[in-house]
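Below: one structure, written as C-alpha cells.
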Amino acid sequence: MTSFRSRLALSLRSAAVTTAAALVTLAVAVLLDPEPGPAIFGMLLAVSLSRSQLERDLRGRLEAGLVLPLVALMGAGVGALLVSLPWLGALVFTLAVTLSVYLRRFGELWRRIGGLIALPFTVLLVAPLQSERLGPGGSLLVTLAVGVTAWIAVTVLQLAAARLGALTPASVRPPAPSEGSPSPRTPPRLDATTRLAVQMGAAVGIAFVVGYLVFPDRWSWIVLTALLVTVGNAGRADVTHKAVQRVIGAGVGSVIALVPLLLPHPAPVVAIGIALVALFAGLAARPFGYLWWTLAVTVVLALAQSVTAGRFSLLERWEEIALGAVIAVAVAWLLLPVRSESTVRRRLADLLSATADWLEIVTAPERAPDAGDADAPRARVDVALARVTRVAAPFDAARRWLPPSWRPRACGWLDTTRSAVALLLDRPRIGARRPLGAVRRSLRAPDELQAALDALLEAASGS
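Residue numbers for the sequence shown follow my numbering, so the first one is 32 and each next one is one higher.
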C-alpha cells in the first residue's frame with residue numbers, strides 16, 4: 032500500500048508539471064496565432080517532450096533545445112506537403128519516422144535525437160500547422176516559436192520541480208550492453224534496430240496507402256494508430272499487447288470524446304478544457320497501465336482534432352483505429368520479426384550486469400558501512416530495472432490471463448529475476464555473487480536459464 036501511494040503521489044506531481052507546461056505552451060501559441068492548429072500542436076508537443084525530457088540529464092536537455100526547433104520546422108514542412116502534395120508528404124513522413132528508429136543504432140546521442148524527430152511528426156497528424164491568416168512563412172515562424180516555447184516550459188518547470196523535490200531528475204544514463212548480453216548462434220543478416228526501423232517504415236507506409244486509397248477523407252487515425260502501436264517496438268508480443276490495449280482504450284476514449292461534441296454549439300475552449308482534464312488524468316494513470324494512457328490520449332487527440340475538423344463518426348473512428356492496429360501487428364509478425372524473448376534476454380543481461388557490479392561493491396569485505404561509492408551502481412540497477420519492467424508488460428498480462436501451460440517461458444524468467452533482484456536490493460548477500468554470474472552465462476543458453484535463475488533466487492533469499 033505504501034509503495035502504491037508513493038507511486039501515485041509521484042505520478043500526480045509529474046502530471047501536474049506536464050499539464051502546467053502544456054498550459055504555458057498553449058497560452059503562448061494562442062497569443063502568437065489565435066487559430067487552433069498551433070495551440071494544439073504546442074500542447075501535444077509539450078506533453079510528448081515532458082516524458083522524454085524527464086529521462087534526460089542536463090546535457091540531454093541542451094541537446095533537445097538545439098535539435099527540437101529544427102525538427103519542428105521539418106514537421107511543419109512535412110505538414111504542408113501532406114496538404115498540397117499528399118503522396119510526397121506521406122513518403123517524406125514515412126522516411127522521417129523510419130530514420131528516427133534507425134538512428135538508435137549509432138549510440139545514445141543519436142537515440143535521443145531520433146526520439147525528438149518522432150515528436151512533431153506524431154502530433155501533426157491531428158494538429159494542422161498551416162495558418163491561412165499567416166501564410167506559409169508565418170506558419171513556419173510560429174511553429175518554430177511554439178517548439179522553443181514547449182522546450183523552455185518543460186525544461187524550466189521540470190528543473191524547478193526537481194529542485195523542490197517534487198520530481199526525481201535523471202542522474203544516470205541507461206546501462207551499456209553487458210558482456211553477458213546474449214547473441215544468437217547464427218548472427219542475423221540485420222540487427223534488431225534495423226529490423227524495427229524497417230517495420231516502422233512498412234507499417235506507416237502501408238497505413239498511408241490504405242488510408243489514401245480506401246479512406247481518403249479520414250486517413251489520419253489509421254496512420255496515427257499504426258505509428259503509436261509500432262513506436263518503441265520491443266518485439267512481436269509487445270506490439271500485439273499494445274495493439275489490443277490501444278483498440279480497447281482508444282475505443283472507449285472515442286466514446287468519451289464524442290460526448291461534449293454532441294452539444295449544440297461546442298466552443299473550442301470547452302473542448303480544449305476537457306482535453307486538459309483528460310490529459311492530467313491520463314498522465315497520472317500512465318504509470319499504472321498503458322490502457323489508461325491510451326484511453327486518455329485518445330480523448331485528447333479526438334477533441335483536439337474536432338476543434339479544427341468538427342464532429343466525427345464513432346463507428347468510423349473505431350474502424351480506423353482497428354485497421355491501424357491490424358496493420359502494425361501484421362507487419363511486426365510477418366516482416367523481419369523481432370523475437371520478444373530475445374529482447375527480454377538483452378534487458379535481463381543489462382539488469383543482471385548492473386546488479387552484479389553493485390553487489391560486488393556493497394559486499395566487499397573492506398568496504399566501510401557509510402561509503403557512498405555504491406550510489407551510482409545502484410542508480411544503474413534502478414534504470415535497468417525500469418527498462419525490464421517496460422518489456423515485461425505483455426508477459427505480465429500472459430501470466431494473469433493464460434493458463435500455465437500456455438505461458439511463454441520468458442514469463443518465468445522475468446518473474447524470477449525481478450524477485451531475486453528485489454531481495455538483493457533489500458538485503459545484499461555475498462553468497463549470491465556466484466549464482467548471479469552463472470545466470471549471466473546462462474543467458475546464451477535459454478534452455479538452462481530458468482534453472483540458473485531459480486538457484487539465484489534461492490541464494491538471494493538465503494536458502
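Built from N, CA and C at the ideal position, the CB exists for glycine as well. These numbers were taken from a predicted model, which means no experiment stands behind them.
Euclidean distance between Cα positions of residue i and residue j
| i | j | result |
| --- | --- | --- |
| K273 | A395 | 43 Å |
| E66 | T325 | 27 Å |
| R465 | L488 | 12 Å |
| L171 | T125 | 21 Å |
| I71 | A335 | 6 Å |
| S494 | A483 | 15 Å |
| A490 | V452 | 11 Å |
| A46 | Q189 | 11 Å |
| V414 | D457 | 17 Å |
| A486 | V412 | 20 Å |
| A309 | V300 | 14 Å |
| T186 | G462 | 44 Å |
| R136 | A238 | 25 Å |
| V245 | G236 | 14 Å |
| V254 | S492 | 49 Å |
| L258 | V132 | 12 Å |
| A192 | R440 | 41 Å |
| L156 | W437 | 39 Å |
| V262 | S37 | 29 Å |
| L332 | L99 | 21 Å |
| L41 | G110 | 36 Å |
| L175 | R267 | 37 Å |
| P459 | L416 | 16 Å |
| V260 | V369 | 15 Å |
| G166 | V278 | 37 Å |
| M231 | F311 | 29 Å |
| V203 | L346 | Confidence at V203 is low in this model, with a pLDDT of 48, below 50, so the placement of that residue should be treated as unreliable; the coordinate-derived value is given next. One C-alpha to the other measures close to 46 Å. |
| G145 | A306 | 28 Å |
| G169 | V290 | 35 Å |
Among the options, nearest to residue i - alpha-carbon criterion
| i | options | result |
| --- | --- | --- |
| V375 | F239, G232, L474 | L474 |
| A316 | R36, L43, S37 | L43 |
| S450 | R411, A192, T386 | T386 |
| A327 | S337, I352, L314 | L314 |
| T49 | W182, T224, E351, F426 | W182 |
| A428 | R38, R226, L322 | L322 |
| G280 | S115, V262, S373, T256 | T256 |
| P408 | V422, L383, T420, R277 | L383 |
| R421 | R431, D404, Q481, F319 | F319 |
| P69 | L89, S131, A53 | A53 |
| S79 | A184, A223, L122 | A184 |
| E28 | I352, W444, G282, V260 | Outside the displayed span of the chain (32 to 494) sits residue 28, for which this structure offers no information. |
| S344 | F426, D248, L379 | D248 |
| E139 | R377, E94, A107, M231 | E94 |
| S337 | A121, G169, S251 | S251 |
| L150 | A361, L122, A107 | A107 |
| G178 | W389, T129, G96 | G96 |
| S81 | L198, V470, L134, T448 | L198 |
| D388 | G145, A410, V360, V123 | A410 |
Counted within 10 angstroms of its Cβ, other Cβ atoms place residue i as buried (16 or more) or exposed
| i | result |
| --- | --- |
| I358 | buried |
| F508 | Here the chain covers residues 32 to 494 and nothing more, so residue 508 does not appear. |
| P435 | exposed |
| V270 | buried |
| R472 | exposed |
| D404 | exposed |
| D64 | buried |
| W115 | With the sequence shown as reference, residue 115 is identified as Ser, and Trp is not the correct amino acid for it. So S115 ends up on the exposed side. |
| E351 | buried |
| A223 | buried |
| W432 | exposed |
| L467 | buried |
| L62 | exposed |
| Y154 | According to the sequence as given, residue 154 is Val; it is not Tyr. Burial call: buried. |
| A127 | buried |
Cβ of residue i within 8 Å of any chain B Cβ
| i | result |
| --- | --- |
| L345 | The structure shown contains no chain B; it holds only a single protein chain. |
Cβ distance (whole Å) where residue i is taken to contact residue j below 8 Å
| i | j | result |
| --- | --- | --- |
| V102 | L57 | Going by Cβ atoms, the distance from V102 to L57 rounds to 20 Å, so no, they are not a contact pair. |
| N264 | A424 | 13 Å between Cβ atoms; not a contact. |
| P287 | V330 | The sequence given here places Ile at residue 287; Pro does not occur at that position. Between V330 and I287 the Cβ distance is about 5 Å, and since that is below 8 Å, they are a contact. |
| W349 | G282 | 6 Å |
| A233 | L354 | About 15 Å; that fails the 8 Å criterion. |
| L119 | L112 | 5 Å |
| R430 | R378 | Incorrect: roughly 17 Å between the Cβ atoms, too far for contact. |
| L390 | L455 | 6 Å |
| V59 | T180 | 5 Å |
Check: residue i C-beta below 7 Å from any heavy atom of the ligand FAD
| i | result |
| --- | --- |
| R277 | Absence of the ligand FAD from the depicted structure is noted, as is the absence of any ligand whatsoever, leaving it without description. |
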